[in-house]
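Participant: First the structure, which I've put down as structure tokens, then a few questions once you've had a look.
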Amino acid sequence: MATRRQTFRLYPSKVQEKALLAARRLHCYLYNACVSHRETEYKLHRRTVAYFEQQNLLPEFKQVWVEYAQLHSQSLQATVKRVDGAYQRFFQGLSKKPHFKSIRKYSGWTYPAQSGWKVNSTGKYGTVTLNDLGITLKMRGQAKHWGVPTTLTIVHRPSRRQWFASFTVDVAIPEPKLGSQSDLRYESIVAYDLGTETALTLFDGAEFQEIANPRFTQRSEAKIRKLAKLKRRKRAPEKGVKASRRWRKIHQRESRLQAKVARQRKDWQHKVTSEIAGRYDIGVTEKLNVKGMTRKGGKRKAGLNKSILSVGFGTLNQMLTYKIEQKGGLVLVLPTKTIKPSQRCPKCGAVHKDWAELNNRYHVCSACGFEVLRDRGSVMVMYNVATHQQPGLRTSLVSLGCLSTTSKTRHSRQRRVATTGSMKQLGQRKRQKSRRQVDGETPSADAVG
Ligand SMILES: [Zn+2]
């Protein structure tokens, strides 16, 4: 079983939208009440309020504020859980201290299990009924993978005045047809590397393929900058002051443009990854640390970071992995530290420390004279390792710690945040990782939770 997220656009009537807006408002107030509770408790008693404490207070809360009695109790718990998640991320140093959310920025609420709502759809169009609000909403959209929907999140995009129903769906995936190492068929192996100049560099043993970075963001950036400049001259919303109509108009245009860029990016990612996953059964790549790549370096690396983010590095990698696995293939994630694909000569195996510098795009091996473009060199090394042809390395994938199937090390941080408290499904279903881990590095301490 794999979990996929499927989102449909909702088309509420005027009356229905009123009910949705009212429910969103209540959830927003609850969120802020929980933040306030934690703040006050800490200021007075230097004590951290646990998730369960707040969850157990909900019945009393509902007695005082009767409006909440009509809302589904698990969805209220899920909102409390959101606060807990925000605090857990803060405690781990992953994000800033949670603050009150304005209704303008509050996106919606979640039904964390299969009760309280009902969906009537075969994956294309349909309706969804929210029992607590007593409304049945029309949905439009088409799911790529459809199965048993397990959770539902209602999302509102205020600037676009749009509503969405986002389901997590349990989807059956085929058993990997490539079970053991001896089954690896070399003719359909592809090694790939994500880069900044060329978004993807591929090598399948015979030929290279380079897929250029589309740079949507850069192209639209001028337009967005222009709108932002116009917006600065209008009256922005402040405490007690409404935004001017002109400000809102420009704000809407800006957010539409950003949404367009996001759609273009997603479309491009799907096209590229589907094409590759259609051709190959085995993907080979190295462990990628996008967060580390994009955070450090300050202004000096800002341009580089922008192009990394504009391709959507992490997503591209994830899509490729799940699409290959969806059809029964396999993705090997090589341990970067042991193999050093970007520093190793694919011909003789010599490791050159100076190759690691980012501005060094063309590599000449001082040991054997082999010349290669940097990105091409590293995919060649990865391909060679997977096919046991790389000189200078123990050639068995097993001895490198590859081909084990413990997939718990990736995304362990998010998962740990999500599993504190009772409603594991909230975060876990979102983040279930199907990636087959072949990483030789030992899992860190927080990965075991
Ligand atoms: Zn060499």
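Be aware that the sequence shown starts at 6, since it is given in the working numbering, and climbs by one per residue. Each residue gets a CB set at the ideal place from its N, CA and C atoms; glycine is no exception.
Tell me whether Glu44 sits in a helix, a strand or coil according to DSSP, three-state version.
Facilitator: Counting from 1 along the sequence shown, the entry for residue 44 is found at position 39. Residue state, collapsed to three classes: helix.
Participant: Could you check if Ala345 belongs to the surroundings of ligand 1, using beta carbon to heavy atom distance under 7 Å?
Facilitator: Counting from one through the sequence shown, the residue named residue 345 turns up at place 340. The question names Ala, but residue 345 in the sequence shown is Lys. Every heavy atom of ligand 1 is 7 Å or more from the Cβ of Lys345, so no.
Participant: Quick one: residues in its chain with C-beta nearer than 6 Å to the C-beta of Val85, no 5 flanking neighbours on either side, listed in chain order?
Facilitator: For the purposes of this step, residue 85 is identified with residue 80 of the sequence shown, where counting begins at 1. Result list for Val85: Cys39, Gln59, Gln60, in chain order.
Participant: Count the CB pairs spanning the stretch 110-119 and the stretch 144-152 that are closer than 8 Å, and state whether there are at least three.
Facilitator: The answer is no - the stretch 144-152 does not touch the stretch 110-119, with fewer than three Cβ pairs under 8 Å.
Participant: Could you tell me how far apart the beta carbons of Thr115 and Ala83 are, in whole angstroms, since I believe they sit closer than 8 Å?
Facilitator: Taking the sequence shown and counting its residues from 1, one reaches residue 115 at position 110. Taking the sequence shown and counting its residues from 1, one reaches residue 83 at position 78. Right, their Cβ atoms sit about 4 Å apart.
Participant: When every heavy atom of ligand 1 is checked, does at least one fall within less than 7 Å of the C-beta of Lys358?
Facilitator: In the sequence shown, residue 358 corresponds to position 353, counting from 1. Every heavy atom of ligand 1 is 7 Å or more from the Cβ of Lys358, so no.
Participant: Out of Asp89, Glu362, His275, which has the shortest C-alpha to C-alpha gap to Tyr327?
Facilitator: In the sequence shown, counting from the first residue as 1, residue 327 sits at position 322. Tyr327 has its Cα closest to that of His275, out of Asp89, Glu362, His275.
Participant: Would you mind sorting Lys301 into buried or exposed? The rule is 16 or more other CB atoms within 10 Å of its CB.
Facilitator: Within the sequence shown, numbered from 1, the residue matching residue 301 stands at position 296. With a pLDDT of only 45 at Lys301, under the threshold of 50, the placement of this residue in the model should not be trusted; the figure read from the coordinates follows. Exposed: under 16 other Cβ atoms inside 10 Å.
Participant: Check whether the stretch 123-134 touches the stretch 232-244, counting contact only when three or more Cβ pairs, one atom from each stretch, lie closer than 8 Å.
Facilitator: Touching, no, given that fewer than three Cβ pairs across the two stretches are closer than 8 Å.
Participant: In the DSSP assignment, what are the bridge partners of Ser18?
Facilitator: Indexing the sequence shown from 1 puts residue 18 at position 13. Bridge partners of Ser18: none, in fact.
Participant: At a cut-off of 7 Å, is Cys373 close to ligand 1 when judged by its beta-carbon and the heavy atoms of the ligand?
Facilitator: The count along the sequence shown starts at 1 and reaches residue 373 at position 368. Because some heavy atom of ligand 1 lies under 7 Å away, the Cβ of Cys373 counts as near it: yes.
Participant: At the level of alpha carbons, what is the spacing between Arg87 and Arg268?
Facilitator: Walking along the sequence shown from the start, residue 87 turns up at place 82. Walking along the sequence shown from the start, residue 268 turns up at place 263. Rounded to whole angstroms, Arg87 to Arg268 spans 27 Å at the Cα level.
Participant: With a threshold of 7 Å, establish whether the CB of Ala355 neighbours any heavy atom of ligand 1.
Facilitator: Taking the first residue of the sequence shown as 1, we reach residue 355 at position 350. Checking the Cβ of Ala355 against ligand 1 gives yes.
Participant: Roughly how many whole angstroms lie between the Cα atoms of Cys350 and Trp360?
Facilitator: Locating residue 350 in the sequence shown gives position 345, where the first residue counts as 1. Locating residue 360 in the sequence shown gives position 355, where the first residue counts as 1. The straight-line gap from Cα to Cα measures roughly 10 Å.
Participant: Locate the beta strand (DSSP E) running through Leu262, then write down its first and last residues.
Facilitator: In the sequence shown, residue 262 corresponds to position 257, counting from 1. Counting along the chain, Leu262 falls outside any beta strand (DSSP E), though it belongs to the alpha helix (DSSP H) covering 250-284.
Participant: In this structure, does DSSP put Trp360 in helix, strand or coil?
Facilitator: Residue numbering aside, residue 360 sits at position 355 when the sequence shown is read from its first letter. It is helical.
Participant: Using the C-alpha atoms, what's the distance from Met6 back to His150?
Facilitator: For the purposes of this step, residue 150 is taken as residue 145 along the sequence shown, with counting starting at 1. For the purposes of this step, residue 6 is taken as residue 1 along the sequence shown, with counting starting at 1. So the alpha carbons of these two residues sit roughly 12 Å apart.
Participant: Tell me the rounded alpha-carbon separation between Thr424 and Met324.
Facilitator: Sequence index remark: in the sequence shown, residue 424 carries index 419 (1-based). Sequence index remark: in the sequence shown, residue 324 carries index 319 (1-based). At Thr424 the pLDDT is 33, less than 50, meaning the model places this residue with poor confidence and gives no usable figure here.
Participant: Distance check for Ala118 and Thr155, CA to CA, integer angstroms please.
Facilitator: The residue you call residue 155 lines up with position 150 of the sequence shown. The residue you call residue 118 lines up with position 113 of the sequence shown. C-alpha separation (whole angstroms): 6 Å.
Participant: With a threshold of 7 Å (Cβ to nearest heavy atom), would Cys350 be considered close to ligand 1?
Facilitator: The count along the sequence shown starts at 1 and reaches residue 350 at position 345. For ligand 1, at least one heavy atom lies less than 7 Å from the Cβ of Cys350.
Participant: Buried or exposed: where does His322 fall if 16 or more other Cβ atoms within 10 Å of its Cβ makes it buried?
Facilitator: For the purposes of this step, residue 322 is identified with residue 317 of the sequence shown, where counting begins at 1. Note on residue identity: the sequence assigns Asn, not His, to residue 322. Asn322 is buried by the Cβ-count criterion.
Participant: Please name the residue in Glu215, Phe213, Thr278, Leu25 whose C-alpha comes closest to that of Pro163.
Facilitator: As a working note, residue 163 is residue 158 in the sequence shown. Comparing Cα positions, the closest option is Leu25.
Participant: Tell me whether Cys370 counts as near ligand 1, meaning its Cβ is closer than 7 Å to at least one heavy atom of that ligand.
Facilitator: Here residue 370 refers to the residue found at position 365 when the sequence shown is read from its first residue. Yes, Cβ of Cys370 sits closer than 7 Å to a heavy atom of ligand 1.
Participant: Within a Cβ cutoff of 6 Å, which residues of the same chain sit near Leu135, ignoring the five residues on either side of it in sequence?
Facilitator: As a working mapping, residue 135 is identified with position 130 in the sequence shown. Same-chain partners within the cutoff: Trp122.
Participant: Roughly how many angstroms lie between the CA atoms of Arg224 and Thr290, to the nearest whole one?
Facilitator: In the sequence shown, counting from the first residue as 1, residue 224 sits at position 219. In the sequence shown, counting from the first residue as 1, residue 290 sits at position 285. About 29 Å.
Participant: What are the complete alpha helix (DSSP H) segments, minimum 4 residues, inside the stretch 314-392?
Facilitator: 318-331, 341-344, 379-391, all fully within the stretch 314-392.
Participant: Roughly how many whole angstroms lie between the Cα atoms of Thr8 and Lys239?
Facilitator: What you label residue 8 is simply residue 3 of the sequence shown in a count that begins at 1. What you label residue 239 is simply residue 234 of the sequence shown in a count that begins at 1. Rounded to the nearest angstrom, the two C-alpha atoms are 44 Å apart.
Participant: On the criterion of 16 or more Cβ atoms from any shown chain inside 10 Å, does Phe96 qualify as buried, or is it exposed?
Facilitator: Here residue 96 refers to the residue found at position 91 of the sequence shown. Answer is exposed; the Cβ neighbour count stays below 16.
Participant: Quick one: grab the DSSP three-state call for Ser107.
Facilitator: Residue 107 sits at position 102 when you count from the first residue of the sequence shown. In this structure, Ser107 counts as coil in the three-state DSSP scheme.
Participant: Identify whether Ser78 lies in helix, strand or coil by the three-state DSSP scheme.
Facilitator: The residue given as residue 78 occupies position 73 in the sequence shown. The answer is helix: DSSP assigns Ser78 an H, G or I state.
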